[in-house]
Each structure stands twice: as C-alpha cells, then as structure tokens.
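Visitor:
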Amino acid sequence: MKLTKKTIASLITLSVASALPLSASAATSSSKIVTLNLFVATSSSYEAPETAMYNKVFIPEFERQNPGIKVNFSTYNSSTQENTELQTSAATHQGPSIFEFGTSMVPTAYATNMFHVLSSRDWAMIGGKNKFFAAQLKMSGPNPSHYIGVPDMMLPFSMLYNKALFRQAGISSPPTTWTQFVNDAKRITNPSKNQWGTVIDPEDSYDPWKVGWQLTRQMGGNFLSGNLKTATIDSKPSIQALTFWFDWVTKYHIASPNDLTYKSTDAMSAFESGNIGMAILQTATAIPSLKTSKVKNEYAFAPIPDVPFGMKSRPANGESAQTIVSGQDLAIPKYVTGAQYTAALKWIKFFTAVKQEQMIFTHMGYLPVNKSAYSNFKAFDTPMMKAFVKSELGADPTPFSGAWGNLEVVYAGVTNSIATQIATHTFQESNIAELLKSADEQVQSSLQ
Amino acid sequence: MAGNYELADSSTEQAVRPRNKLQGKRNRPPYWMILPALFLLVVIVVAPFLVSIYTSFTNLDQYTISNWIHAPFVGLKNYISALEQGNALGASSLQSLWVSISFSLLTTILITPIGIFAALIVNKPFQGRAFVRTLFLLPYVMPVFVNAITWRMLFMNGWGMIDRILSVLHLASQNTFWLIGPNSFWAMCIADVWSSWPFVYLMVLAGLQGISEDLYESAYLDGANSTRSFFSITLPMLRPILGLALLLSTLNHFNNFTLPFIMFGTPPSPQADVLPLNIYITSFQTFNFGLGAAMSLITLVIMLVPAFFYIRLLRLGEEM
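Just so you know, the sequences run in chain order A and B. Each number in the working numbering comes from the position in the first sequence (counting from 1) with 1246 added on. Each number in the working numbering comes from the position in the second sequence (counting from 1) with 315 added on.
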C-alpha cells in the first residue's frame, strides 16, 4: 500500500482525534485521585519483608480508609540513595511527596529549605506533638516552631553483649562505666582463641562519629559550639574520646587489630560469630539477624556505659548520651501543596498511629515513637525492650546544623587515617590531635 | 567536428540544467535529518556540561541547592581548592588524579598480555573450546558489586584467604592490611585485573577471527615458526583492534567508581581514592557541588590531552 501525504495526514488527525476523548476522560478521573509518592528507608537485610508490609498491609489499609488517595512508594537502603534523592528533588523541585530521613539527615534537609515547616494546624492533623517521645522531636527542627520532620520510628542505641562469654569470664552484669568496660573486656579477651572483649569499626562511614560524639559528650564536650557557628572537633574532650576508642586496640588490646579495616557490618558479623564480648552502638534492628546467628540464645542488650574512663562520675558538664536521638523522620517537600499536602499529613497520621507503629516494630524492629504504642503490648514487656526505652528517655540530640552531614564524612576520614597509621606502624598519639585539627578546619568552612 | 561536438554539448547542457539542478537538490545530504540527534545531544551532553561549568564557579552546597541558579559566584576559588593538598577527608584531586592514572595504566598493562594469551589459547579448535570460552568470560559477566564484595572478604586482614595463604607460604605477614593504607591500591588493582582481563580477550578474539589463514600458511612455507608468525603477522594485524581495546580499557579503568566504592567504602584511604570516588564524596556526601564540578572539569581537560595524542598515535580512525 502506498502511503500518500494525504493518507498520513488523515491517519495522524484520526489518531489524535481518537486519543483526545481518552485523555480527557483520564484527566477527569485522575483529577479526583490524589497520588502520594513515598520515599522510604528499608534495611538492606530485610528489604523484602518491609516492602511486603507496605504493599500488603499499610497502603491497602490507608487507601481503604481514604478513598481518593493513591499511594505509591519507592525504597532506599543506603545513605547514598537518601542523599541523591534529596539533592535531585531540591534542585528540580519535584520528586517524592513524603521523604523518610534518618534523624541525623534532618538538619541537612532543613538547610536545603525545601521542606514545609509544620504549622500548629498541621500538627493537630497529625495527632499532636504530645503523642511522640519528646526526645525524638528534638531532631525535627532547630526549634519547636520550625519543625519539618515528624518522627515515625526510633532506634535508641544500646550495648550488645554475649552472655556466654560473660559467664565464662565470671562477669555478673554489664559494665556501667568505661573503666569497668575495659576491665571486663580484658577478662574476656583471649587472642589465642580469637576471642575479644569488644570490637571497633573505624572504616565505617557513619559509626565513628557516633562513638566519638557520644564519648565526647560524656566528657563534657561537643563537636559544635552552642550557637552552631564554631567547630570544636579538636577540643580536648574530643581528642580524649577518639584516643580512648583507638586505645582499645593499641593500649588495652581488648579489640582485634583486624578491626582496623572493619565497617559496621563486619563488626556485627564478628559479634554474631560468638567471638566478641561487647559491641556498642547496636539497635533493635539487629535482633532478626541475631536470632538466626550462632549467639541466638546468648545475646542481650544493656545501656551503654556513661562514665568516662578513669572517672567515678561524669564531669559537671558531661551528658549521659547513652544514645543519640536516632530513628526516622517524615518530611513533606514544599512542592507538595493543596490536596496532596493534606493527603500527606493524613498518611503521616495513619503511619504513626498505634497499630501501625506496633506492626513496624514486630516486622521491622524499629521502636514506636508513639508513646501509646507501649501500653498493653506484650512485645515491649521484656527487660531488653525496657533497656531500649530507658536509653531513649536520656537520648541526646546531635547539634542541629546543616553541616552535620559534612562533619560525619570528615570524621570518618580521620578515623580512616588513624587506622591506617596504626596498621602501618606510623601512629603516634599526637597524630589524633593533628588530624582532628584538620577536620575542625574543614568542618568550620562548611558552617554558615 | 569539434565545433559540432561543442555545440551539441552546450545544447545538451542547457537542456539538462533544470533537471541537474533538481537532482543536485535531491543529492544534497539531508542535514535536517540529524536535527533530532543534534537536539538530544544538546539536551543530554551539551546542556549538563554547560551547567557543570557554571556550577564550578559557584558556591553550590546544601544551603543553595534549592535555588541553584542563584548560588553565590566564587570565581576560581573552587579550582584553587581542587588543586590544594588533601585535607582530613582524604586525597586532593591532584593526588586522586595520580591514583586514577596509575590505576588505569597499570591495570591495562597487566590485562593486555593476559587477554592476548587467553584469546590465542581458544582461537584454535579443540575439544571443550566452547566451555573454556564461557569460563573465560565469567569474571567479566560477574557484577562489579559481587566482585568487589568477594575481594573485600578475601583481603580481610588476618582471617581473609589472601593473608592466610601468603602467611602459610611465608610470603607476607598475616597482618598485611590490604584494605587500608598503601596496600589498598594493590588490592584494588588485583581485584580489577581479575575481573577486566576478559575485555581484552574478547576484543583480541574478535580480531583474530579476521586474520586470514593464508598469511600463516605463506609464512610457514617461508620457514617462519609460530613465534615469528605471532610477532610478524598476528600482532601487526591486531594493532588497530588492540589499540582500540587499550584505549577503551584505559578510559574505563580511569572512570572506575564501583569497585573502590564497594571495596573500601567512603572515604577510602588516599592511596585508593580514585578521582571519580573523590569527586563523588566531595559533591554528594559533603554537598560541595561547586568544588566537585571544578574537580571534574580539571580532570576532563587533563584527560583530553593524552586522549588526543593517544588517538593520533594509533591512527585509529584511519585504520579501523
């Protein structure tokens, strides 16, 4: 068949004409439907069950309760994806309708100025600030009138310990001071059996700053000044804190030299192999994996020691800082407006309700941020869970600075350098101060 | 007669001129047909490139990204910072450039003889050749992510298989620390060579198929042994495809990001801080997009020089 210009033109006209009513009807029906696109965090180990929870439970139930709102979701399981999505959405003013961030990411998100500051009316729609753990709200914004994040899960840190190794070493209870911690670890350590009192992970991208900051807070220091204008990573408490952490390998020999190349997953694997006595900065999300490990009947959680090494009590300005305010927050970008914004608030209210919060804990291991979720729920009536909740009550928020993300990465650079120096026998204790000074200068340049 | 011919030619010319004009119009290359490709090129390549140039002169960070067009102009500050010495975070871009160049050249030099040798082995028919050919491709088809994780486990200090074997053979200490410090560079090279040599193998194998058997027969009749044939026939005939393979391999290795990212995490030791990783950390982890853009552009300019001479030297365009 020969196609003439006329024929082609007729075909195009016909197809356009026939498509018009279709698209018009689609537009009419879709105009009544509000679509929410969630961007949510999942654990890399349990992505499938978590995704299934959204697909089969949360979203169908929410859509049933809210006809006219359709929910789609995408997941991420690394800070790389979290950063990239935030940056892309900030630059293009389009993307997910609701972001789920780790708490330490909220200050960076706030700095981008791309998220709605929640009004009193918004909070009322979500169910009020009072339903949440007060400590968790400390990372929602720089002050209560500028909150952008709504907590939806929390992950207080605790110390994981091996009961069998404790029994073997004749230790009756977990340490409450760092001096006891070192002494107990020494009793557990037996290098010939590759058995170590504790484990460190200086090659991880994010664990090092958490350890360093926590120890620094207990000694009365901080990484940033109170007004967030000056970096203080090279302060004396900070130097002492980092020195103490590496002393576990170099001076007290309670952690294996192999740990110098470890990331957090390596440290966890080492604990699960049954060779480690105590691992700090662990959360309830480790439980599913621990339940299938060699130590499934021998692990327990306890609060992290909070009295600095060599001291009987904390200095006057020291903080317990047994856990960082840690968990996940939900935030709505400014490009989400009108009916979509209202729908987003409805989702947040739904997702932070007691029923959903309890299910999140059961299937994902994250603790509820909704205080009411703890009443009449058997899963929390255990010493282990009580230890987590106790830690949360004393949780210390990290400084709410937009440069905190930079600080985390720079701090990891410092611990990487120290680990390398120790491994190559070029380490001197004074190097820690020098490296922290360099880190301090770099962080200072990113402060506003 | 000549005049007649001229007359005839002239009249014919006059008669066919309008037709020739029409034909000439028809024969003219239809340049407008490349417009869609040109448009895509502008959208996908030129526009982002121009944005990168613009970004490199601004202080684009987490505070300004929402309104990136109006990020403060800082002149050449980012370019100066990029050339400064490394900081607490790791290597400077110049150090990283050196790491990337060393890594890409060294790995290319190492994989070339391995690839050629492997291709020569499976070029001649033998029983089980198909199986061996498939086997040779395994490292190449394995996802980089899996490769990197596997090598990370092998290089683990103390209990990793590499350290164990080396210490049993008394070749190295069980505490070699492959994943941090100076050894991280060698660990990265070893892992990369293992996974990338089949690329050269594939290219050379394809090249070998194009060499006529007649050449070898003639050489044999002239008394050339197999070594002579290899150096006088095989290698010269492979020159264009090998040149292309080396060029692509060097460029691919220079841009390798995934392997060090997975093997060492961020930030890596300065010795393994290849430029793409350094730029990624600077831009996307510390939100210093301006500096990251400046680092990228400096790299581009530096890489253009050897790439230009390399292509000229190999005369790839002429011989392919």
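The C-beta atom is built at its ideal place from N, Cα and C for all residues, glycine as well.
Which of the residues in the segment 582-596 of chain B, read from start to end, lie with their CB under 7 Å from any CB of chain A?
Guide: The segment 582-596 of chain B vs chain A, Cβ under 7 Å: Pro582, Ser584 and Ile596.
Visitor: Any Cβ of chain B within less than 8 Å of the Cβ of Lys1636 (chain A)?
Guide: Closer than 8 Å: no.
Visitor: Can you tell me whether Asp1627 (chain A) is buried or exposed, with buried defined as 16 or more other CB within 10 angstroms of its CB?
Guide: Asp1627 (chain A) should be labelled exposed.
Visitor: For Glu1346 (chain A), name the three-state secondary structure that DSSP assigns.
Guide: Looking at Glu1346 (chain A) - three-state DSSP - the assignment turns out to be strand.
Visitor: Starting from the C-beta of Ala1272 (chain A), find all residues in its chain whose C-beta is less than 6 Å away, skip the five residues before and the five after it, and write them out in chain order.
Guide: Residue confidence is low: Ala1272 (chain A) scores 39 on pLDDT, short of 50, so the model does not pin down where it sits. No coordinate-derived value is stated.
Visitor: Quick check on Ser1691 (chain A): buried or exposed, where buried means 16 or more other Cβ atoms within 10 Å of its Cβ?
Guide: That one is exposed.
Visitor: I'd like the list of long-range same chain contacts for Ala1633 (chain A), defined as Cβ closer than 8 Å, with 5 residues on each side in sequence excluded.
Guide: Answer for Ala1633 (chain A): Ser1404, Phe1547, Ala1548 and Pro1549, listed in chain order.
Visitor: Can you give me the C-alpha to C-alpha distance between Thr422 (chain B) and Ala434 (chain B), rounded to a whole angstrom?
Guide: Roughly 18 Å between the two C-alpha positions.
Visitor: Show which residues of chain B have a CB atom less than 8 Å away from the CB atom of Pro1503 (chain A).
Guide: In chain order: Asn472, Gly473 and Asn490.
Visitor: Going straight from the alpha carbon of Tyr535 (chain B) to that of Phe451 (chain B), what length do you get?
Guide: Taking the straight line from one Cα to the other gives about 30 Å.
Visitor: Using a Cβ-Cβ cut-off of less than 9 Å, list which residues of the segment 380-392 of chain B approach chain A; keep chain order.
Guide: Answer in chain order: Ile380, Ser381, Asn382 and Trp383.
Visitor: Report yes or no: is there a C-beta of chain A within less than 8 Å of the C-beta of Thr423 (chain B)?
Guide: No, Thr423 (chain B) does not count as interfacial toward chain A.
Visitor: Short check: CB of Gly1373 (chain A) to CB of Thr1598 (chain A), under 8 Å?
Guide: Against a cut-off of 8 Å, the Cβ pair of Thr1598 (chain A) and Gly1373 (chain A) comes out as a contact.
Visitor: Going by DSSP in three states, Trp466 (chain B) sits in which element: helix, strand or coil?
Guide: Here Trp466 (chain B) sits in helix by DSSP.
Visitor: Find out if the Cβ-Cβ distance for the pair Asn1408 (chain A), Val1541 (chain A) is shorter than 8 Å.
Guide: Yes. Within cutoff.
Visitor: Within 10 Å of its beta-carbon, does Arg1463 (chain A) have 16 or more other beta-carbons around it, so buried, or fewer, so exposed?
Guide: Buried is the call here.
Visitor: If we count the other Cβ atoms within 10 Å of its Cβ and call it buried at 16 or more, is Asn393 (chain B) buried or exposed?
Guide: Under this definition Asn393 (chain B) is a buried residue.
Visitor: Using the C-alpha atoms, what's the distance from Leu1527 (chain A) back to Leu1681 (chain A)?
Guide: Rounded to whole angstroms, Leu1681 (chain A) to Leu1527 (chain A) spans 24 Å at the Cα level.
Visitor: Please confirm if Lys1509 (chain A) has its CB atom under 8 Å from at least one CB of chain B.
Guide: Chain B contact via Cβ: present.
Visitor: The beta strand (DSSP E) with Asn1408 (chain A) in it runs from where to where?
Guide: Here the beta strand (DSSP E) through Asn1408 (chain A) covers Ser1404 to Asn1408.
Visitor: Against Asn1521 (chain A), what residues of chain B qualify as contacts under a CB-to-CB distance less than 9 Å, listed in chain order?
Guide: The premise fails here: Asn1521 (chain A) is roughly 10 Å from chain B at the closest Cβ pair, so nothing lies under 9 Å.
Visitor: Beta carbon of Tyr1612 (chain A), beta carbon of Val1635 (chain A): below 8 Å?
Guide: Contact flag unset, no.
Visitor: What residues of chain A sit near Thr601 (chain B), judged by a beta carbon separation below 8 Å?
Guide: The answer, in chain order, is Gly1651, Asn1652, Val1655, Val1656 and Ser1692.
Visitor: Apply the 10 Å Cβ neighbour rule to Ser1324 (chain A) and answer buried if 16 or more other Cβ atoms are within range, or exposed otherwise.
Guide: Ser1324 (chain A) comes out exposed.
Visitor: Taking Cβ positions only, does Asn1436 (chain A) come closer than 8 Å to chain B?
Guide: Not one chain B Cβ lies under 8 Å of Asn1436 (chain A).
Visitor: What residue from B:Ile548, B:Phe579, B:Ser407 and B:Arg554 has the CA that sits closest to Phe460 (chain B)'s CA?
Guide: Here the closest residue by C-alpha is B:Phe579.
Visitor: With respect to the beta strand (DSSP E) encompassing Trp1442 (chain A), which residues constitute its N-terminal and C-terminal limits?
Guide: Its beta strand (DSSP E) spans residues Trp1442 to Thr1444.
Visitor: Would you call Gln1694 (chain A) buried or exposed, if buried means 16 or more other Cβ atoms sit within 10 Å of its Cβ?
Guide: Per the 10 Å Cβ criterion, exposed.
Visitor: In the segment 1449-1478 of chain A, which residues sit with their C-beta less than 8 Å from some C-beta in chain B, listed in chain order?
Guide: Answer in chain order: Glu1449, Asp1450 and Ser1451.
Visitor: Find the residues of chain A that neighbour Ile480 (chain B), judging by a C-beta separation of less than 9 Å, and give them in chain order.
Guide: By Cβ distance, chain A contributes nothing, its closest Cβ being about 16 Å from Ile480 (chain B), past 9 Å.
Visitor: Using a 10 Å radius around the Cβ and a threshold of 16 neighbouring Cβ atoms, would you call Asn1662 (chain A) buried or exposed?
Guide: That one is buried.
Visitor: Give the single residue among A:Lys1624, A:Leu1591 and A:Asp1505 whose Cα lies nearest to the Cα of Thr1666 (chain A).
Guide: Of A:Lys1624, A:Leu1591 and A:Asp1505, the residue nearest in Cα terms is A:Asp1505.
Visitor: Going residue by residue through the segment 1571-1627 of chain A, where are the continuous beta strand (DSSP E) segments of at least 3 residues, counting only ones entirely within it?
Guide: Listed in chain order, the complete beta strand (DSSP E) runs (minimum 3 residues) inside the segment 1571-1627 of chain A are 1573-1577.
Visitor: Along chain B, in chain order, which residues have C-beta atoms closer than 7 Å to that of Thr1666 (chain A)?
Guide: Within 7 Å Cβ-Cβ: Ile495, Gly496 and Ser584.
Visitor: Which same chain residues, not among the five before or five after Phe354 (chain B), have their C-beta less than 7 Å away from its C-beta?
Guide: Nothing meets the Cβ criterion.
Visitor: Note down, in chain order, every chain A residue with its Cβ under 8 Å from the Cβ of Gly580 (chain B).
Guide: Here the neighbours are Glu1449, Asp1450, Ser1451 and Lys1509.
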